[in-house]
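Engineer: Could you have a look at this structure, given as structure tokens, before my questions?
There are 2 protein chains.
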Amino acid sequence: MFRVIHYGVGALGVQIVRAAARRQGLQIVGAVDTDPAKAGRDLGQVAEVGRELGVIVAPDASGLGSLQADVALHTTRSFLLSVREQLLGIIAAGKHVISTCEELAFPAAQRPEIAREIHEAALAAGVTVLGTGINPGYLMDYLPITLSAMCQEVHSVSVVRVADASQRRLPLQRKIGAGMTPEEFRAKAVGGAMGHIGLAESVALIATALGWKLERTVTTLEPEIAGEDVTTRYLEVRAGQVTGIHQVARGIVDGQTRIILDLSMHVAVREAQDTVIIDGVPSVRSTIPGGINGDVATVGIVLNAIPRVVSAPPGLLAMKDLPPPSFWT
Amino acid sequence: MFRVIHYGVGALGVQIVRAAARRQGLQIVGAVDTDPAKAGRDLGQVAEVGRELGVIVAPDASGLGSLQADVALHTTRSFLLSVREQLLGIIAAGKHVISTCEELAFPAAQRPEIAREIHEAALAAGVTVLGTGINPGYLMDYLPITLSAMCQEVHSVSVVRVADASQRRLPLQRKIGAGMTPEEFRAKAVGGAMGHIGLAESVALIATALGWKLERTVTTLEPEIAGEDVTTRYLEVRAGQVTGIHQVARGIVDGQTRIILDLSMHVAVREAQDTVIIDGVPSVRSTIPGGINGDVATVGIVLNAIPRVVSAPPGLLAMKDLPPPSFWT
Numbered sequence: 080m081f082r083v084i085h086y087g088v089g090a091l092g093v094q095i096v097r098a099a100a101r102r103q104g105l106q107i108v109g110a111v112d113t114d115p116a117k118a119g120r121d122l123g124q125v126a127e128v129g130r131e132l133g134v135i136v137a138p139d140a141s142g143l144g145s146l147q148a149d150v151a152l153h154t155t156r157s158f159l160l161s162v163r164e165q166l167l168g169i170i171a172a173g174k175h176v177i178s179t180c181e182e183l184a185f186p187a188a189q190r191p192e193i194a195r196e197i198h199e200a201a202l203a204a205g206v207t208v209l210g211t212g213i214n215p216g217y218l219m220d221y222l223p224i225t226l227s228a229m230c231q232e233v234h235s236v237s238v239v240r241v242a243d244a245s246q247r248r249l250p251l252q253r254k255i256g257a258g259m260t261p262e263e264f265r266a267k268a269v270g271g272a273m274g275h276i277g278l279a280e281s282v283a284l285i286a287t288a289l290g291w292k293l294e295r296t297v298t299t300l301e302p303e304i305a306g307e308d309v310t311t312r313y314l315e316v317r318a319g320q321v322t323g324i325h326q327v328a329r330g331i332v333d334g335q336t337r338i339i340l341d342l343s344m345h346v347a348v349r350e351a352q353d354t355v356i357i358d359g360v361p362s363v364r365s366t367i368p369g370g371i372n373g374d375v376a377t378v379g380i381v382l383n384a385i386p387r388v389v390s391a392p393p394g395l396l397a398m399k400d401l402p403p404p405s406f407w408t
Numbered sequence: 080m081f082r083v084i085h086y087g088v089g090a091l092g093v094q095i096v097r098a099a100a101r102r103q104g105l106q107i108v109g110a111v112d113t114d115p116a117k118a119g120r121d122l123g124q125v126a127e128v129g130r131e132l133g134v135i136v137a138p139d140a141s142g143l144g145s146l147q148a149d150v151a152l153h154t155t156r157s158f159l160l161s162v163r164e165q166l167l168g169i170i171a172a173g174k175h176v177i178s179t180c181e182e183l184a185f186p187a188a189q190r191p192e193i194a195r196e197i198h199e200a201a202l203a204a205g206v207t208v209l210g211t212g213i214n215p216g217y218l219m220d221y222l223p224i225t226l227s228a229m230c231q232e233v234h235s236v237s238v239v240r241v242a243d244a245s246q247r248r249l250p251l252q253r254k255i256g257a258g259m260t261p262e263e264f265r266a267k268a269v270g271g272a273m274g275h276i277g278l279a280e281s282v283a284l285i286a287t288a289l290g291w292k293l294e295r296t297v298t299t300l301e302p303e304i305a306g307e308d309v310t311t312r313y314l315e316v317r318a319g320q321v322t323g324i325h326q327v328a329r330g331i332v333d334g335q336t337r338i339i340l341d342l343s344m345h346v347a348v349r350e351a352q353d354t355v356i357i358d359g360v361p362s363v364r365s366t367i368p369g370g371i372n373g374d375v376a377t378v379g380i381v382l383n384a385i386p387r388v389v390s391a392p393p394g395l396l397a398m399k400d401l402p403p404p405s406f407w408t
């Protein structure tokens with residue numbers, strides 16, 4: 080039996096709560112969310128589990144230390160600068176951490192100082208910290224790394240992800256710009272406020288696993304434009320407006336592009352897919368026709384990682400450092 | 080730099096030698112093969128590397144203990160009863176072991192006493208023992224286990240492998256019955272002398288990883304029959320003769336078939352593929368069109384597992400117990 084704390088009960092967090100409440104072998108012992116609409120209420124109500132869970136959502140993390148818990152499932156923000164203090168707080172409270180913070184999937188890539196700080200704090204506290212999720216954390220980094228096990232030689236690694244955002248939650252549809260004009264999109268993109276977080280982490284994770292010295296990562300970001308009107312459960316996109324993103328990250332090794340991560344995520348996808356292409360000996364082409372629903376799968380990965388994280392050595396780890404998480408009962 | 084011993088320099092072993100000789104980061108320091116045609120000769124000649132390797136193939140393992148080596152790459156036989164003494168000898172010599180012995184991929188399935196004996200010997204010697212390869216070891220067990228990480232629920236796991244044996248080595252073509260009459264095949268099959276080794280291990284590995292209590296495994300074996308004459312690099316199969324095997328292993332859990340491993344391996348394959356189908360939340364269908372050449376990929380896995388095995392805790396491990404092997408340089 081693993082005792083879990085839900086740190087962050089937002090759009091993704093509530094899905095984790097619902098799955099955890101159903102899962103044999105998990106006991107929910109705490110929850111934290113700063114949202115005044117959630118704090119003080121029963122977690123089962125907040126997450127619409129259909130029953131009370133007997134756990135009141137705390138407005139802050141001050142009570143974490145006194146909770147008997149194994150691991151905090153952390154789902155608040157995408158950037159390390161925003162979650163650094165939260166993570167250090169959980170670590171100081173002596174709990175393992177599984178976080179969907181995108182930059183935590185491989186923080187050595189962009190934030191080596193914070194990565195070191197978290198690693199040392201985790202070592203000192205004897206806890207393990209893992210950043211994971213579907214992307215970054217699985218489809219565009221862990222899966223190609225795992226598939227490369229079959230290869231005597233690897234010349235290049237490409238991943239093409241075409242993700243149907245029409246089936247995803249509203250914050251994600253907003254985040255990819257669905258419904259914006261192309262001008263709005265480009266203006267926000269120039270300011271760095273658009274685009275998927277985590278491709279640079281995925282490139283660095285692949286390069287590190289394969290022993291390639293990454294010279295630099297070049298990323299491009301373009302809007303996908305609606306050819307006709309599109310209606311999702313949450314919003315409408317007129318023809319000519321933005322349906323989502325097309326983002327490509329290229330990892331340059333020895334002056335050559337050896338890693339290409341090509342991500343389209345929009346609300347007008349006709350054929351979703353997740354395809355890994357390794358050019359090597361043997362070459363490997365592996366595809367998931369229809370693609371993977373990122374929210375559903377992220378919930379799966381977070382819960383499935385719990386036994387691996389609890390029994391791992393202390394410190395800040397990446398997915399490649401653990402025995403493979405898998406579904407467990 | 081990892082120092083390796085090649086224990087077994089047969090059809091598969093020589094391919095591992097050639098790849099190891101090319102690989103940066105590996106140093107070949109020893110070789111063992113009982114075949115009088117090989118023992119006493121330079122390993123580079125035996126394996127047709129194109130140059131001498133300065134390593135003489137020893138006729139037995141008596142000199143292993145005095146070799147400065149990290150790991151023995153063991154490729155001799157499929158059955159644990161046949162390799163038990165060899166493995167215990169390597170362990171006693173204080174070397175880690177990576178073996179393609181099919182039953183070693185998950186020996187708890189069929190040979191729990193030998194598994195325990197090897198595990199305890201490995202613990203006592205402080206070395207790690209891993210059974211791996213493409214199948215068992217990867218495509219029909221490790222890959223579905225790894226893909227299940229995305230699932231909140233798993234109802235069943237199926238793997239369909241259609242492998243083109245026309246591109247494989249002669250011993251493998253013979254082993255699957257290519258060129259036999261159906262009567263010869265069935266007579267040998269009744270005696271237990273036909274069929275792929277390892278499906279039962281793969282079923283048990285999946286069930287164990289997912290926490291399912293396996294009641295029993297039911298296996299069927301049928302010959303694939305040539306509709307027209309087929310010629311491979313090594314042999315000819317007339318219409319009506321056997322081209323290979325169709326073998327299915329079903330894992331029964333709670334009275335239901337929850338694992339199906341469906342393997343066709345023959346010399347008249349039109350569309351090779353390796354497909355994993357998980358019925359769950361989410362359901363996952365992942366396919367490798369064209370399939371994977373088992374020999375080439377087994378060589379890859381064996382070499383790629385070296386760093387993981389060398390840094391693993393001692394004992395007998397399965398692929399699911401290690402951080403994911405991946406191509407390394």
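Here the protein sequences come in this chain order: A and B.
Note that this note's numbering numbers the first sequence so that position 66 is 145, with each residue one more than the last.
Note that this note's numbering numbers the second sequence so that position 296 is 375, with each residue one more than the last.
Every residue gets a Cβ at the ideal spot worked out from N, C-alpha and C, and that includes glycine.
Remember, predicted model here, so these are calculated numbers, not experimental data.
Rounded to the nearest angstrom, how far is the Cβ of A228 (chain B) from that of I380 (chain A), given a contact under 8 Å?
Structural biologist: About 5 Å separates the two Cβ atoms, so the contact holds.
Engineer: Buried or exposed: where does S178 (chain B) fall if 16 or more other Cβ atoms within 10 Å of its Cβ makes it buried?
Structural biologist: It counts as buried.
Engineer: For E280 (chain A), count neighbouring C-beta atoms within 10 Å of its own C-beta (all shown protein chains included) and say buried if the count is 16 or more, exposed if not.
Structural biologist: E280 (chain A) comes out buried.
Engineer: When the Cα atoms are used, what is the spatial distance from P295 (chain A) to T155 (chain A)?
Structural biologist: Checking the sequence shown, residue 295 (chain A) turns out to be Arg, not Pro. Rounded to the nearest angstrom, the two C-alpha atoms are 29 Å apart.
Engineer: Taking only three categories from DSSP, how would you classify G379 (chain A)?
Structural biologist: Three-state DSSP puts G379 (chain A) in a helix.
Engineer: Helix, strand or coil, according to DSSP, for D149 (chain B) in the structure here?
Structural biologist: It is coil, neither helix nor strand.
Engineer: What are the boundary residues of the beta strand (DSSP E) that V332 (chain B) is part of?
Structural biologist: First-last of the beta strand (DSSP E) with V332 (chain B): 321-332.
Engineer: Give me the Cα-Cα distance between A397 (chain A) and I213 (chain A), rounded to the nearest whole angstrom.
Structural biologist: Rounded to the nearest angstrom, the two C-alpha atoms are 13 Å apart.
Engineer: Quick test of your reading: V346 (chain B) and G323 (chain B), contact by CB under 8 Å. State the CB separation rounded to the nearest angstrom.
Structural biologist: Their Cβ separation, rounded to whole angstroms, is 6 Å, which keeps V346 (chain B) and G323 (chain B) in contact under 8 Å.
Engineer: Relative to chain A, which residues along the region 217-245 of chain B have a C-beta separation below 7 Å, given in chain order?
Structural biologist: Against chain A - using a Cβ distance shorter than 7 Å - the residues of the region 217-245 of chain B are Y217, I224, T225, S227, A228, M229, C230, Q231, V233.
Engineer: For F81 (chain A), write down the residues that DSSP places opposite it in a beta bridge.
Structural biologist: Answer by DSSP bridge pairing, in chain order: A:L105.
Engineer: Would you kindly check if the distance between the Cβ of A110 (chain A) and the Cβ of V93 (chain A) is under 8 Å?
Structural biologist: Against a cut-off of 8 Å, the Cβ pair of A110 (chain A) and V93 (chain A) comes out as no contact.
Engineer: Just verifying my parser: in three-state terms, what is the DSSP assignment at V309 (chain B)?
Structural biologist: V309 (chain B): strand per DSSP, three-state reduction.
Engineer: Assuming A286 (chain B) and V332 (chain B) form a contact by the criterion Cβ under 8 Å, report the distance between their Cβ atoms to the nearest whole angstrom.
Structural biologist: Correct: roughly 6 Å between the Cβ atoms.
Engineer: Anything in the region 273-298 of chain A with a Cβ closer than 8 Å to a Cβ of chain B? List those residues in chain order, please.
Structural biologist: Of all residues in the region 273-298 of chain A, A288, L289, G290, W291 have a Cβ within less than 8 Å of some Cβ in chain B.
Engineer: Look up S343 (chain B) in the DSSP assignment and say whether it is helix, strand or coil.
Structural biologist: Strand.
Engineer: Using a Cβ-Cβ cutoff of less than 8 Å, which residues in the same chain neighbour R102 (chain B) once the five nearest sequence positions on both sides are dropped?
Structural biologist: L382, listed in sequence order.
Engineer: Tell me the DSSP secondary structure of S245 (chain A) in three-state form.
Structural biologist: The answer is helix: DSSP assigns S245 (chain A) an H, G or I state.
Engineer: Please indicate yes or no: does the CB of S237 (chain A) lie closer than 7 Å to some heavy atom of the ligand FAD?
Structural biologist: This structure lacks the ligand FAD; in fact it carries no ligand of any kind.
Engineer: What do you reckon, are the CB atoms on Y86 (chain B) and Q165 (chain B) nearer than 8 Å?
Structural biologist: Their beta carbons are under 8 Å apart, which means Y86 (chain B) touches Q165 (chain B) by this criterion.
Engineer: Do we get a CB-CB distance below 8 Å when we pair V375 (chain A) with the residues of chain B?
Structural biologist: Chain B contact via Cβ: present.
Engineer: Within 8 Å of any Cβ in chain A, is that where the Cβ of S157 (chain B) sits?
Structural biologist: No, S157 (chain B) lies away from the interface with chain A (no Cβ there is under 8 Å from its Cβ).
Engineer: Any Cβ of chain A within less than 8 Å of the Cβ of N383 (chain B)?
Structural biologist: Yes, contact with chain A.
Engineer: Please classify A54 (chain B): does DSSP put it in a helix, a strand, or coil?
Structural biologist: No statement about residue 54 (chain B) is possible, as the shown extent of chain B runs from 80 to 408 and does not include it.
Engineer: Are V360 (chain A) and V375 (chain B) close, meaning C-beta to C-beta below 8 Å?
Structural biologist: For V360 (chain A) and V375 (chain B), yes; Cβs fall inside 8 Å.
Engineer: Can you grab the Cα-Cα spacing for the pair T299 (chain B) / A328 (chain B), in whole Å?
Structural biologist: Roughly 7 Å separates the two Cα atoms.
Engineer: I need the straight-line Cα distance from S390 (chain B) to N372 (chain A), nearest angstrom please.
Structural biologist: Cα-Cα distance, rounded: 35 Å.
Engineer: What does G62 (chain A) reach in chain B if we use C-beta pairs closer than 9 Å?
Structural biologist: As displayed, chain A neither begins before 80 nor continues past 408, which places residue 62 (chain A) out of reach and without an answer.
Engineer: What is the DSSP secondary structure of T211 (chain A), counted as helix, strand or coil?
Structural biologist: Of the three classes helix, strand and coil, the one that applies to T211 (chain A) here is coil, per DSSP.
Engineer: Which chain A residues are close to I367 (chain B), counting only those with a beta carbon under 9 Å from its beta carbon?
Structural biologist: Going along chain A in sequence order, the residues near I367 (chain B) (Cβ under 9 Å) are L226, V363, R364, S365, T366.
Engineer: Who does I356 (chain A) pair with in a DSSP beta bridge?
Structural biologist: Its beta-bridge partners are A:S237, A:R364.
Engineer: Taking 8 Å as the CB-CB limit, is K399 (chain B) close to chain A?
Structural biologist: Cβ-Cβ to chain A under 8 Å: yes for K399 (chain B).
Engineer: Cβ of T408 (chain B) less than 8 Å from any chain A Cβ?
Structural biologist: By this cut-off, T408 (chain B) is an interface position.
Engineer: Does S405 (chain B) come within less than 8 Å of chain A when only Cβ atoms are used?
Structural biologist: By this cut-off, S405 (chain B) is an interface position.
Engineer: Skipping 5 residues on each side, what residues in its chain have a beta carbon closer than 7 Å to that of L202 (chain A)?
Structural biologist: These residues qualify, in order along the chain: P393, G394.
Engineer: Which residue wins for smallest C-alpha separation from I367 (chain B), given the options B:T207, B:M219, B:L122, B:A90?
Structural biologist: Of B:T207, B:M219, B:L122, B:A90, the residue nearest in Cα terms is B:M219.
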